[in-house]
Amino acid sequence: MELLVARNPDPASTLPYLIRVPVAGGLVFRAKDTWPRTKAIYCHPVPDDEWPADADIVERVALTSCVRRGAAIDVVADRGREQRSQIVFTRARGREMVFWQSPRTRKQARPDVRLPTARACGISALEIVVDAHERYPYSFSGQQVTTTKRGLRCGDYAVLGPGDAVVAAVERKALADLVGSVTDGRLRFALTELATLPRAAVVVEERYSSIFKQTYVRPAMVADGLAELQVHWPAIPIVFCDTRALAEEWTYRFLAAARVWADTEAVAAERIGDESALANAPAAPPPSTAEVRRWARENGIAVPDKGRLRPEVHEAWWAAH
């Protein structure tokens with residue numbers, strides 16, 4: 002398995018090299034350089050027939066691995082130095098872009114994406130769907146977030162991606178709920194449902210050490226149960242946060258990152274042609290009666306304070322959305 006680098010036969014091009022990546026039948030890009038060393042390399046995807054039959058090969062890089070993971074292709078070279086790199090599909094300045102980056106150039110290879118300070122992943126207004134059965138939900142009052150209450154099939158907080166599909170959800174657990182759901186098996190069923198989503202996580206509003214201070218249940222049983230669940234569902238992290246406030250913050254950051262990932266995943270799937278992790282994402286849950294009632298009043302539609310709404314009110318909501 003090799004990554005091939007050849008000279009671009011087009012003298013008018015500002016990208017002097019062609020690279021051929023051995024994934025998805027062979028992807029061809031025009032590139033600025035032969036390997037990302039001091040900075041990220043901009044790549045322009047082209048049809049595979051642009052690779053010349055008599056290519057002037059500049060370099061053959063033997064690879065130990067070349068695998069697509071989400072919105073990136075991980076490339077691992079079979080050599081002692083400069084082994085790892087990524088070809089990342091993203092969107093910047095209103096158009097699709099591809100960057101070839103190494104670990105040291107990763108930051109430069111992500112245009113328009115800033116490390117979270119106040120706004121997570123640079124999202125100015127993140128919409129989070131809150132499960133209608135959540136009794137004391139997070140308000141996200143300190144963040145740029147709007148919340149909508151709907152009945153979620155799984156998880157307590159979720160974000161929607163392209164096509165209004167649920168792309169990520171977070172299940173919230175207080176310590177007592179965590180211990181109870183581990184011992185009676187409810188958490189196992191919850192993780193089974195969360196595994197049907199492209200991305201999911203469980204956040205606990207307590208330190209991990211607190212499970213060893215339990216009085217009415219053996220701490221070792223809880224710890225073993227959590228470890229077993231993580232082995233069975235390694236793609237669903239169980240994250241312990243010290244306080245409820247930190248758990249809320251972590252949930253916000255996770256869902257924002259998942260929303261950005263959904264956009265880049267859709268771009269990568271379109272370019273590479275492999276099956277996207279979003280392909281089987283469930284559709285957005287239907288709105289609750291309270292949500293439709295609130296929307297109707299905001300738009301001047303007369304509705305009763307209680308009881309069912311007329312079918313035409315629901316039809317108007319769906320038409321507007």
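My numbering numbers the first residue of the sequence shown as 2 and each following residue consecutively. Think of the CB as a built atom: it goes at the ideal place given N, C-alpha and C, for glycine as much as any other residue. These numbers were taken from a predicted model, which means no experiment stands behind them.
Classify G152: buried if its beta carbon has 16 or more other beta carbons within 10 angstroms, exposed otherwise.
With fewer than 16 other Cβ atoms within 10 Å, it is exposed.
Return the first residue and the last residue of the beta strand (DSSP E) that V218 is part of.
Segment: none, V218 is in no beta strand (DSSP E) and carries neither H nor E.
Taking the C-alpha atoms as reference points, what is the distance between D75 and L279?
C-alpha separation (whole angstroms): 19 angstroms.
Using 8 angstroms for Cβ pairs, my map puts I212 next to P220. What's the rounded Cβ distance?
Right, their Cβ atoms sit about 6 angstroms apart.
For the alpha helix (DSSP H) that S182 lies in, which residues bound it at each end?
Taken as a continuous stretch (DSSP letters only), the alpha helix (DSSP H) holding S182 covers L176 to D185.
Classify D157: buried if its beta carbon has 16 or more other beta carbons within 10 angstroms, exposed otherwise.
Counting Cβ neighbours within 10 Å, D157 comes out buried, since at least 16 surround it.
According to DSSP, what are the bridge partners of F30?
DSSP lists I20 and P46 as partners of F30.
Opposite F241 in the DSSP bridges: which residues?
The partner list for F241 (beta bridge, DSSP) reads V205.
Work out the CA separation of K33 and Y18 for me, nearest whole Å.
Each residue's Cα considered, the two are about 6 angstroms apart.
Below 7 angstroms CB to CB, which residues in the same chain sit around D243 once its five sequence neighbours on both sides are set aside?
Closer than 7 angstroms at the Cβ level, and outside the excluded window around D243, lie R208.
Which of the three DSSP states is assigned to A7 in this structure?
Strand.
Just to confirm my understanding: we take D165, look at its own chain, exclude 5 residues before and 5 after, and list those with CB closer than 7 angstroms. What are they?
Result list for D165: A284 and A285, in chain order.
Are the beta-carbon atoms belonging to E1 and Y137 less than 8 angstroms from one another?
Missing from the structure shown is residue 1; the chain here goes from 2 to 322 and no further.
With respect to the beta strand (DSSP E) encompassing E316, which residues constitute its N-terminal and C-terminal limits?
No beta strand (DSSP E) contains E316, which is instead part of the alpha helix (DSSP H) from P312 to A321.
Which same chain residues end up closer than 6 angstroms to T252 when comparing Cβ atoms and leaving out the 5 residues on each side of it in sequence?
Excluding sequence neighbours, T252 sits near Y158, V171 and V204.
For V77, is the classification buried or exposed, using 16 other Cβ atoms within 10 angstroms of its Cβ as the cut-off for buried?
Classification of V77: exposed, given that the 10 Å Cβ count is below 16.
Which same chain residues end up closer than 7 angstroms to K214 when comparing Cβ atoms and leaving out the 5 residues on each side of it in sequence?
Closer than 7 angstroms at Cβ, skipping near neighbours: no residue.
Does the stretch 226–234 come within contact of the stretch 186–201, defined as at least 3 CB pairs closer than 8 angstroms?
The stretch 226–234 is in contact with the stretch 186–201.
Under 8 angstroms by Cβ, that's how I've got E247 and I129 pegged, so tell me the actual separation to the nearest angstrom.
This sequence places Leu at residue 247; Glu is not what is there. Rounded, the Cβ-Cβ distance is 17 angstroms, inconsistent with contact.
To the nearest angstrom, how far is it from the Cα of R260 to the Cα of Q144?
If you take the alpha carbons of R260 and Q144, they lie about 15 angstroms apart.
Taking Cβ to Cβ, would you say A72 is nearer than 8 angstroms to F90?
It is a contact, given that the beta carbons lie within the stated cut-off.
Does the distance from the C-beta atom of V6 to that of E60 stay below 8 angstroms?
It is a contact, given that the beta carbons lie within the stated cut-off.
Can K174 and S289 be called in contact, C-beta distance under 8 angstroms?
No, the pair does not count as a contact, with Cβ atoms beyond the cut-off.
Can we count W251 as close to the ligand COA, meaning its CB is less than 7 angstroms from some heavy atom?
Ligands in the displayed structure: none, and consequently the ligand COA is not present.
Cutting at 6 angstroms between CB atoms, please list the residues of its own chain near I88, excluding the five before and the five after it.
These residues qualify, in order along the chain: I74 and W101.
Under a Cβ-count criterion, where at least 16 other Cβ atoms within 10 Å of its own Cβ denotes burial, should R80 be classed as buried or exposed?
It counts as exposed.
Let's test the definition: count the other Cβ atoms within 10 Å of the Cβ of A303 and tell me whether it reaches 16, buried, or not, exposed.
Exposed, since its Cβ has fewer than 16 Cβ neighbours within 10 Å.
In angstroms with no decimal places, state the Cα-to-Cα distance between H134 and V68.
When rounded, the distance between both Cα atoms is 40 angstroms.
Which one or two residues does DSSP pair with P288 in a beta bridge?
Looking at the DSSP assignment, P288 forms a beta bridge with R151.
When we look at the beta-carbon of W319 and count the other beta-carbons within 10 Å, is it buried (16 or more) or exposed?
Counting Cβ neighbours within 10 Å, W319 comes out exposed, since fewer than 16 surround it.
Compute the Euclidean distance between the alpha carbons of H45 and T197, then round it to the nearest angstrom.
Those two C-alpha atoms are separated by around 34 angstroms.
Would you list the one or two residues that DSSP bridges to T91?
BP columns for T91 point to M98.
The beta strand (DSSP E) spanning V131 covers which residue range?
Taken as a continuous stretch (DSSP letters only), the beta strand (DSSP E) holding V131 covers L127 to D132.
Between the Cα of E206 and those of V183, P12, D178 and V218, spot the shortest distance and give me the residue it belongs to.
Closest by alpha carbon: D178.
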